[in-house]
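These notes concern the structure reproduced below.
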Amino acid sequence: MNVRKIIGWNLRKLRVERGLSQERLALAAEIDRSYVGRVERGSENVTTDTLEALAKALAVPAAALLTEPPKGAREPLPLSSGRKPKAG
Numbered sequence: 001m002n003v004r005k006i007i008g009w010n011l012r013k014l015r016v017e018r019g020l021s022q023e024r025l026a027l028a029a030e031i032d033r034s035y036v037g038r039v040e041r042g043s044e045n046v047t048t049d050t051l052e053a054l055a056k057a058l059a060v061p062a063a064a065l066l067t068e069p070p071k072g073a074r075e076p077l078p079l080s081s082g083r084k085p086k087a088g
């Protein structure tokens, strides 16, 4: 797996674990939502500044985005679409 794919895999995994949409993550990292999608697909060459901004928005060290997933790990599922119900 190349580095861009590894970053994308980890970014989606961490984002979905935290229940964040691409849009919310992009707002928190002060980048464009469509850019987040391209990073997750591994089609963008991310700068270290952007990597750091995404890591801060996810509250993880930047190195967490560079960790190679275990062999045979399934690609993280996307967050379910649609609005989330308001809390009680």
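Each residue of the sequence shown is one higher than the one before, starting from 1 at the first, in full-length UniProt numbering. Just so you know, even glycine gets a beta-carbon here, dropped at the ideal spot from N, CA and C. Note that the structure is predicted; figures quoted are calculated from it, not measured.
Residue i, enclosing alpha helix (DSSP H) - first and last residue
{"i": "S34", "result": "33–40"}
{"i": "A59", "result": "Neither: A59 is in no alpha helix (DSSP H) and is coded neither H nor E."}
Collapsed DSSP secondary structure at residue i in the structure displayed
{"i": "residue 106", "result": "This structure leaves residue 106 out entirely; the chain is present only between 1 and 88."}
{"i": "K13", "result": "helix"}
{"i": "R24", "result": "helix"}
{"i": "L65", "result": "helix"}
{"i": "E30", "result": "coil"}
{"i": "E75", "result": "coil"}
Check: residue i C-beta below 7 Å from any heavy atom of the ligand GTP
{"i": "E23", "result": "With respect to the ligand GTP, the structure offers nothing, as it holds no ligand at all."}
Nearest residue (CA-CA) to residue i, options the options
{"i": "P76", "options": "Y35, W9, L25", "result": "W9"}
{"i": "A57", "options": "S43, E23, E44, E68", "result": "E23"}
Residue i, buried or exposed, once every other Cβ within 10 Å from all chains shown has been counted against 16
{"i": "V3", "result": "exposed"}
{"i": "L11", "result": "buried"}
{"i": "L25", "result": "buried"}
{"i": "A59", "result": "exposed"}
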